[in-house]
Amino acid sequence: MSDLTESPAWRELQAHFAELKDLHMRDLFEQDAQRFSKFSTRMGDILLDFSKNRITDETFDLLLKLAKDADVEHWRDQMFDGEPINISEFRPALHTALRNRSNTPVMVDGENVMPKVNRVLEQIRYFSERVRGGHYRGYSGHLITDVVNIGIGGSDLGPHVVCDAMKPYAQRGMEVHFVSNVDPTHLTEILKGVKPESCLFIISSKSFTTQETMMNAHSARDWFIRETGNKKAVAKHFVAVTTNQQVAADFGILPENMFEFWDWVGGRYSLWSAIGLPIVLYLGMDRFEEMLEGAHEMDLHFRNTPLEKNIPVILALLGIWYNNFFDAQSHAIMAYNQYLRRLPAHLQQLDMESNGKTINRNGERVDYLTGPIIWGETGSNCQHAFFQLMHQGTKPVPADFLIPAKSKNPLGNQHCVLLSNFFAQTRALMMGKTAEEATAELKADGMDDEQIKEVLPHKIFEGNKPTNSILFEKLNPRTMGSLLAMYEHKVFVQGVIWNINSFDQWGVEYGKVLADDIMHELKTREHVDAYDVSTNELINYCMKLKFTD
Ligand code: G6Q
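Okay, here's the thing in structure tokens:
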């Protein structure tokens, strides 16, 4: 047994779960008119209503006790203070310093990192204003109209979700594209839509060695030289965001076109750093700074708000409640906003790469479930696809529902219809439909008793399905920053309670070297027998298909 599962709060939660598991939220709402005011909290205009969860006052108190006992507040302060909490990589996790708009000193190894954070922000402002203002032009004098970000994982997903979500704030005449996959189709299709003389490539890679990114970068450079016949112009059209400036220089990037960040910024937490350059080119620096401010606001909320009103802490505790006591295997993200369509992909990486761990901070195997599978889709599309399983399936799927009260595109009453779907779904998931209610409906539809008997079981909805509603005024850069930071801190709190290091990613690093050996075999084009029989035969069959007409 581990310290966690033996802790008093955990044991009390186990005993409490046994008593509570059959309670229905419908009854809990009926018994307590104060349920919403008790189980909701706000930061700015962001409201978290967590009353539609399978919790009572006692559950909430015990979950808060779990957080206290796990020393969440102490770990949180250590993170903000730049302590080396990423113990397997011997460094701090200081994405919060990147958006520290209060500019209070943040010390790493005796050095205040804020001056260098601010210096890079200034560099980004200067460069982006020149590009957007038409002062920095392509080699032949054309305006830059297209930015192509080449990066993968953390060097792609964060900027990508933000650029998609903030499209209404973008400068007219500036498009941004993202190439991540080593599948040549990705780059090829993007290049079909841009012109070399008006295109700026950003090579985004913390390491500047990631196979996919480097291959795409070299292919893009080859294309550029082929199309323009001008090798010298590469320096004008390729910039780099990296911690590895030497390799970037070898690629042909000018020192003034390199944007630095630091090893204490994890890939999936890096959109706030120079990795956000595509965001800045697309939206402008003022908008980017608004996003940093929104994130900083959430940082201050996380740091200063008592646990019982603290949005990331509450989200984390509810996630643990379902993950570890109800054995829910996944957590769904339903953003009722088309601009947020890439949010599940970003949160998938943030959460699953951070908390997809089996070994705890003491180097031992855990004896409890850690990070859930994150997935999701935009509303109302999700309702016409997998919501069947949400309503009547056998698997518990706790979910976050997010929606802005105002739409950027008010078309008739369409946004009100979207809102009504949001409210109706979260209510229906909570309430369910009893046999009596279903019978009354079927009778009203004109069915006779015999027919009703036959179909009734299919028309009953158990309900009691938990959701968090996250509602805010509108999706703007500030809110976007706050929401993304909210999820970062949620993941952090869960990692602290599960006693795992949320800031390393050895599984991803492993993947980076796995393909190298096989690539060597593929190049030789000889019969392969070096691996297990399945891998050998797959390679041999594939090579036969690939190289015979
Ligand atoms: C993120 C991960 C991973 C990383 C990519 C790209 O936290 O470490 O997704 O961002 O593998 O790495 P580079 O930025 O070094 O190319």
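Those letters in the sequence shown? Residues 1278 to 1826, per this note's numbering, in order.
Cβ coordinates follow ideal geometry from the N, Cα and C atoms, glycine included.
Supposed contact pair residue j and residue i - C-beta distance, whole angstroms, cut 8 Å
i	j	result
residue 1569	residue 1359	Not confirmed; about 18 Å, so no contact.
residue 1422	residue 1450	6 Å
residue 1742	residue 1706	4 Å
residue 1394	residue 1420	At roughly 30 Å, the Cβ-Cβ gap does not stay under 8 Å, so residue 1394 and residue 1420 are not in contact.
residue 1611	residue 1656	5 Å
residue 1516	residue 1468	Actually they do not touch by this definition, with Cβ atoms about 17 Å apart.
residue 1625	residue 1591	About 21 Å separates the two Cβ atoms, so there is no contact after all.
residue 1370	residue 1541	7 Å
residue 1526	residue 1536	Between residue 1536 and residue 1526 the Cβ distance is about 13 Å, and since that is not below 8 Å, they are no contact.
residue 1558	residue 1424	5 Å
residue 1644	residue 1333	With 8 Å as the limit, residue 1644 and residue 1333 do not qualify as a contact, their Cβ atoms being about 27 Å apart.
residue 1428	residue 1457	6 Å
residue 1622	residue 1459	Between residue 1459 and residue 1622 the Cβ distance is about 17 Å, and since that is not below 8 Å, they are no contact.
residue 1744	residue 1678	5 Å
residue 1396	residue 1573	Contact flag wrong, Cβ pair sits at about 18 Å.
residue 1653	residue 1701	Their Cβ separation, rounded to whole angstroms, is 18 Å, which puts residue 1653 and residue 1701 out of contact at 8 Å.
Check: residue i C-beta below 8 Å from any heavy atom of ligand 1
i	result
residue 1747	no
residue 1546	yes
residue 1490	yes
residue 1625	no
residue 1432	yes
residue 1482	yes
residue 1428	yes
residue 1485	yes
residue 1543	yes
residue 1630	yes
residue 1789	yes
residue 1782	yes
residue 1785	yes
Contact check, residue i vs residue j, beta carbons under 9 Å
i	j	result
residue 1545	residue 1308	no
residue 1318	residue 1587	yes
residue 1619	residue 1494	no
residue 1756	residue 1323	yes
residue 1630	residue 1435	no
residue 1775	residue 1290	no
residue 1762	residue 1576	yes
residue 1595	residue 1673	no
residue 1666	residue 1606	no
residue 1510	residue 1530	no
residue 1555	residue 1455	yes
residue 1538	residue 1480	no
residue 1766	residue 1589	yes
residue 1571	residue 1754	yes
residue 1514	residue 1461	no
residue 1349	residue 1773	yes
residue 1695	residue 1616	no
residue 1368	residue 1361	yes
residue 1708	residue 1740	yes
residue 1401	residue 1278	no
residue 1710	residue 1738	yes
residue 1521	residue 1485	yes
residue 1697	residue 1326	no
residue 1715	residue 1730	no
residue 1727	residue 1681	no
residue 1488	residue 1823	no
residue 1712	residue 1733	yes
residue 1777	residue 1634	yes
residue 1234	residue 1331	As shown, the chain starts at 1278 and ends at 1826. That puts residue 1234 outside it, with no answer to give.
residue 1764	residue 1627	yes
Cross-strand partners of residue i (DSSP beta bridge)
i	result
residue 1481	1518
residue 1320	1323
residue 1375	Answer by DSSP bridge pairing: none, since residue 1375 is not bridged.
residue 1654	1611
residue 1455	1426
residue 1678	1611, 1746
residue 1363	1368
residue 1738	1710
residue 1389	1384
Ligand 2 heavy atom lying under 8 Å from the CB of residue i
i	result
residue 1782	Among the ligands modelled here, namely ligand 1, ligand 2 does not occur.
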